[in-house]
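Q: This is the structure, below, for whatever I ask next.
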Amino acid sequence: MILSKFIDELPILPVLKPRRKDHFFTYYKVNMTEFKQSLHSELPNTTVWGYEGSYPGPTIEVESGEKVFIKWSNNLPKKHLLPIDHTVHGAHMDVPEVRTVVHVHGASVESESDGYPEAWFTKGFEQVGPYFRKKVYQYDNIMQACTLWYHDHALGITRLNVYAGLAGFFLVRNQQERSMNLPSGDFEIPLIIQDKSFNKDGSLYYPKQPEKQVSELETSVIPEFIGDTILVNGKVWPYLNVEPRKYRFRLLNGSNTRFYRIKLDSGQLIYQIGTDGGLMEYPIGIKEIKLAPAERVDIIIDFTNLEGRNIIMKNSAPAPFPRGETPNDNTVGEVMKFRVILPLSSVDTSVIPAYMMPLPEIIEQSASKIRYLTLKNNMDQYGRDFMLLDNKRWDDPITEKPELGSTELWYLINLTADTHPIHIHLIDFQILDRRDFDVEKYKKEKIIHYTGPAISPEPQERGLKDTVRANPKQITRIIMKFDGAYKGLYVWHCHILEHEDYEMMRPFIVIG
Ligand SMILES: [Cu+2]
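Throughout, this note's numbering is defined as the position within the sequence shown, counted from one, plus 464.
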């Protein structure tokens, strides 16, 4: 189905109002429901799932250090909107079909409120998963200003719940950031980029079977989901009217599998000011930004002196990444359009600061524990490919047990042909380097033989990260301190949701 581009206006996501707010804490209630929404003016309305009646969900804005309680409640139907594969871990016939649990991606948060995949709950908390601990989650937000997002994380159906619409922004703000005079108010816009496919009746399309059909099963998990349309803030190929001035955009890849390589067709520089975990030391000017699923960048685009221009945000990332097809300009090679047609409403006094804040580097020598963790292909009894971390399944005993206060260095040894965005809950990490190595030798002898020099992280990655692209045939080294306030059970996983749902996820426990 061909949909016209740039005929619908970009939705500006609403900011959620707290139910209660005083000196001591803030309380939100967030309801998950099913409803119909227009995702493109040429499509009949689409049945989606959302938070507070909105897909994507309303933006939750908090202050650094603000104590926030959120009651996430499930008011979804008992029947899932999308096809479930009951052979996948945690989605067997013995559990209810529709289960939800909410994770704030990038948050440092107590274990009981992190949205553990087996802490799921059904409508009205009638049934709960084995790790369910509380109805009201507590977020202390002891992070600096950063761009986080919340989304569903229920075991075995995360790909379906997020695809149905369960995702939204969670922004942490503070005085330090405000004092920088970045573009704000109407000139600061979060953008969640996702890909979807539709049936003629406007309903969401999600395949029941992979290309290589599994005849024994009615519904089978697929190795990756690649949609044929691009949505920003829940609209297919939208446009945004802008003034000739600076805008701050928070870009989030909220797609299941698709990566993006973002560029402006005007060829102008994009000023990046932040990574997953907050502001960078200083801004960088770049022409192209890579975004794996769950990665965020905080950027400024300057439309000054561009009156009358149309600027298209393009995407050149192959899908699946990096071995798949390169996108076509007529379709997914474009994301959205900026039309510089609004008159300047006031003088633009916002700035791109020369320097933002110090970012102490974690040095390699400070690591007290080194872990060598493989990303590896496997085949199941139905002949389906699936991926494992450290050759272990979700249900295998916990092996990653970092000590509170310690620093760890992880070698992500990618033996597969895909780039996997590896996400670790609870902490931010820094990328040390990436390096080519001999995959065959490693598979045979478990010996790391490097075949190229260590490559520094890309300029766009030089900041705090919670999701890293682990490229094929490379070892990606990341370093992290478990120095927060929290102990307990968390997870690390690939953020390609089709991988995460099918065993590419492991629990870890912070001890001490
Ligand atoms: Cu993966």
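A virtual CB, placed ideally from N, CA and C, is assigned to each residue, including glycine. The structure presented is a predicted model; accordingly, all values stated were derived computationally and were not measured.
Return the bridge partner residues of Phe-802 from the DSSP annotation.
A: Looking at the DSSP assignment, Phe-802 forms a beta bridge with Leu-704, Ile-775.
Q: Roughly how many angstroms lie between the CA atoms of Glu-771 and Glu-707, to the nearest whole one?
A: Whole-angstrom Cα-Cα distance: 8 Å.
Q: Check whether the Cβ of Asp-854 lies closer than 7 Å to any heavy atom of ligand 1, and answer yes or no.
A: No, ligand 1 has no heavy atom inside 7 Å of this Cβ.
Q: Within this structure, are the beta carbons of Ile-686 and Pro-671 separated by less than 8 Å?
A: In this structure, Pro-671 lies closer than 8 Å to Ile-686 by Cβ.
Q: Compare the Cα-Cα distances from His-617 to each of Ile-975, Ile-763, Tyr-954 and report the closest residue.
A: Nearest of Ile-975, Ile-763, Tyr-954 to His-617, Cα basis: Tyr-954.
Q: Could you give the first and the last residue of the continuous beta strand (DSSP E) run that contains Leu-896?
A: Segment 893–900, the beta strand (DSSP E) holding Leu-896.
Q: For the region 555–564 against the region 573–588, do three or more pairs of beta-carbon atoms, one drawn from each stretch, fall closer than 8 Å, so that the two count as touching?
A: Touching, yes, given that three or more Cβ pairs across the two stretches are closer than 8 Å.
Q: What I want to know is whether the C-beta of Phe-844 ends up closer than 7 Å to one or more non-hydrogen atoms of ligand 1.
A: For the sequence presented, residue 844 should be read as Asp rather than Phe. Asp-844 Cβ: outside cutoff for every heavy atom of ligand 1.
Q: Below 7 Å CB to CB, which residues in the same chain sit around Ser-502 once its five sequence neighbours on both sides are set aside?
A: Counting only Cβ-Cβ distances below 7 Å, and skipping sequence neighbours, we find Asn-509.
Q: Label Gly-540 either buried or exposed according to how many other C-beta atoms from any shown protein chain fall within 10 Å of its C-beta, with 16 as the threshold for buried.
A: Reading the sequence as shown, one finds Leu at residue 540 and not Gly. Classification for Leu-540: buried.
Q: Work out the CA separation of Asn-720 and Ile-960 for me, nearest whole Å.
A: Rounded to whole angstroms, Ile-960 to Asn-720 spans 6 Å at the Cα level.
Q: Quick check on DSSP: helix, strand or coil for Gln-639?
A: The answer is helix: DSSP assigns Gln-639 an H, G or I state.
Q: Sorted by chain position, which residues of the same chain lie with C-beta nearer than 7 Å to Glu-641's C-beta, five sequence neighbours on each side aside?
A: Excluding residues within five positions, the ones whose Cβ falls inside 7 Å are Ala-609, Leu-743.
Q: Taking the CB atoms as reference points, tell me whether Leu-896 and Ile-939 lie closer together than 8 Å.
A: Cβ atoms of Leu-896 and Ile-939: not closer than 8 Å.
Q: Please report how far the alpha carbon of Phe-499 lies from the alpha carbon of Ser-518, in whole angstroms.
A: Those two C-alpha atoms are separated by around 8 Å.
Q: Do three or more CB pairs link the region 730–746 to the region 673–684 at distances below 8 Å?
A: Not touching, per the Cβ criterion.
Q: On a Cα-Cα basis, can you pick out the residue from Val-600, Gly-916, Ala-818 that is closest to Ile-748?
A: Of the candidates Val-600, Gly-916, Ala-818, the one whose C-alpha sits nearest the C-alpha of Ile-748 is Ala-818.
Q: Please specify which runs of the alpha helix (DSSP H), each continuous and at least 4 residues long, are wholly inside the region 522–560, giving them in chain order.
A: Entirely contained in the region 522–560, not one alpha helix (DSSP H) run reaches 4 residues.
Q: Using the rule of at least 16 other Cβ atoms within 10 Å of the residue's Cβ for burial, across every protein chain shown, is Ile-476 buried or exposed?
A: Exposed is the call here.
Q: Per the DSSP calculation, Leu-755 is bridged to which residue(s)?
A: In DSSP, Leu-755 forms a bridge with Tyr-724.
Q: Assuming Arg-623 is part of the alpha helix (DSSP H), what are its boundary residues?
A: Element bounds for Arg-623: 622–628.
Q: Determine which residues share a DSSP beta bridge with Tyr-711 and list them.
A: Per DSSP, Ile-765.
Q: Select from Glu-867, Gly-649, Arg-712 the residue whose C-alpha is nearest the C-alpha of Pro-478.
A: Selected option, being the one with the closest Cα: Gly-649.
Q: Indicate, with yes or no, if ligand 1 has a heavy atom lying under 7 Å from the CB of Ile-417.
A: With the chain running from 465 to 976 in the structure shown, residue 417 is simply not present.
Q: Please determine if the region 574–583 and the region 626–645 are in contact, where contact requires at least 3 C-beta pairs separated by less than 8 Å.
A: Short answer: they don't touch.
Q: Return the first residue and the last residue of the alpha helix (DSSP H) that Val-903 is part of.
A: From DSSP, the alpha helix (DSSP H) with Val-903 extends over 903–909.
Q: Hey, out of Ala-756, Asp-882, His-957, whose CA is closest to Leu-853's CA?
A: Nearest of Ala-756, Asp-882, His-957 to Leu-853, Cα basis: His-957.
Q: For Val-804, which residues of its own chain have a beta-carbon under 6 Å away from its beta-carbon, when the five flanking residues on both sides are left out?
A: Same-chain partners within the cutoff: Val-706, Pro-708, Phe-767, Leu-770, Glu-771, Arg-773.
Q: Roughly how many whole angstroms lie between the Cα atoms of Gln-845 and Ser-684?
A: In a straight line, the C-alpha of Gln-845 is about 12 Å away from that of Ser-684.
Q: Consult DSSP for Pro-971 and reduce its assignment to one of helix, strand or coil.
A: Looking at Pro-971 - three-state DSSP - the assignment turns out to be strand.
Q: Touch check for the region 756–763 and the region 907–921: three-plus C-beta pairs under 8 Å?
A: No, the region 756–763 is not in contact with the region 907–921.
Q: Is it buried or exposed, His-556, if we count other Cβ atoms within 10 angstroms and call 16 or more buried?
A: Label assigned to His-556: exposed.
Q: Would the region 870–887 and the region 828–843 be scored as touching if the rule is three or more Cβ pairs under 8 Å?
A: Taking 8 Å as the limit for Cβ pairs, the verdict is that the region 828–843 does touch the region 870–887.
Q: Am I right that Leu-755 and Tyr-724 are in contact with their C-beta atoms under 8 Å? What's the rounded C-beta distance?
A: Indeed they touch by this definition, with Cβ atoms about 5 Å apart.
Q: From Ile-753 to Phe-488, what distance separates their C-alpha atoms?
A: Straight-line Cα distance between these residues: approximately 40 Å.
Q: Taking 7 Å as the cut-off, is the beta-carbon of His-615 closer than that to any non-hydrogen atom of ligand 1?
A: No - ligand 1 has no heavy atom lying nearer than 7 Å to the Cβ of His-615.
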